[in-house]
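Undergrad: Supplied in structure tokens, the structure appears directly below.
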Amino acid sequence: MRKLVKKFVGDERGLETVEYAIIAGLIVVGTIGLIASIGVWVNSKFTALDTGLSANP
């Protein structure tokens with residue numbers, strides 16, 4: 062059992078894949094946040110436009 066644990070702890074195969082997965086996850090989260098903030102900004106611009114058009118018949 063100890064040999065198995067030592068082998069598992071010392072094994073670095075697949076480590077790069079995990080690092081790339083973490084980086085990809087961070088990029089995805091950042092992109093989703095950016096798209097969400099742009100959506101809020103666009104929504105506020107359309108709301109202001111709608112209010113302006115409704116006020117001037």
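Read left to right, the sequence shown gives residues 62 to 118 (our numbering).
We put the beta carbon where it would ideally sit given N, CA and C, even for glycine.
Given the structure is predicted, the values throughout are model-derived calculations rather than measurements.
1. Tell me where the alpha helix (DSSP H) around Pro-77 begins and ends.
2. Alpha carbon to alpha carbon, what distance is there between Ser-105 and Glu-80?
3. Who are the Cβ neighbours of Phe-107 in its own chain at under 6 angstroms, not counting the five residues just before and after it?
TA: With the structure as the only source:
1. The sequence shown places Glu at residue 77, rather than the Pro named in the question. First-last of the alpha helix (DSSP H) with Glu-77: 76-116.
2. 38 angstroms
3. none
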